[in-house]
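> Residue numbers (my numbering): 32 to 155. Note that the Cβ used here is the ideal one computed from N, Cα and C, for glycine as well. What you are looking at is a predicted structure, and each value in this text was computed from that prediction instead of being measured. I have a structure I would like to understand better, so I am pasting it below and will then ask my questions one at a time.
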């Protein structure tokens, strides 16, 4: 949650700054693009809350840059397909996220490997 808060705070600050200046360096543009994708990930349909372990997996994908190359309009599709893939191929990750209150180094590596695997097959 700390990393998400920091990323979103930086995004909001840069978003406000970008309104006044037109020349943004590549790093700033990348932060703005990631922030837009994180905001998309946070959107949920009304009366359809997402289980915490799935939300953690989604936000992990966003804060770690797995969505950076995905067009903004495709973020919901990416999220839906990614979660279905994780449920099908790596249910142990979701189970571990559900029972633990933190992401261990080992779990972090599993999550990164699963997202890399999914990224190679994702079709927008």
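Counting Cβ pairs closer than 8 Å, one from the stretch 59-77 and one from the stretch 112-125, do we hit at least three?
Touching, no.
> Return the chain-ordered list of same chain residues with a C-beta closer than 7 Å to the C-beta of residue 39, the five sequence neighbours on each side being excluded.
Looking up residue 39 in the chain shown gives position 8. Around residue 39: 66, 69.
> Going by CA-CA distance only, name the one from 62, 77, 104 that's closest to residue 42.
Indexing the chain shown from 1 puts residue 42 at position 11. Cα-wise, what sits closest to residue 42 is 62.
> Have a look at residue 83 and residue 100 and give me their C-alpha separation to the nearest angstrom.
By 1-based counting over the chain shown, the position of residue 83 is 52. By 1-based counting over the chain shown, the position of residue 100 is 69. C-alpha separation (whole angstroms): 25 Å.
> Between the C-alpha atoms of residue 137 and residue 144, what's the straight-line distance to the nearest angstrom?
Residue numbering aside, residue 137 sits at position 106 when the chain shown is read from its first letter. Residue numbering aside, residue 144 sits at position 113 when the chain shown is read from its first letter. Going by the C-alpha atoms only, they are around 11 Å apart.
> Assuming residue 35 and residue 97 make a contact with CB atoms under 8 Å, what is their CB distance in whole Å?
Stepping through the chain shown from its first residue, residue 35 is reached at position 4. Stepping through the chain shown from its first residue, residue 97 is reached at position 66. Contact doesn't hold; Cβ gap of about 14 Å is too wide.
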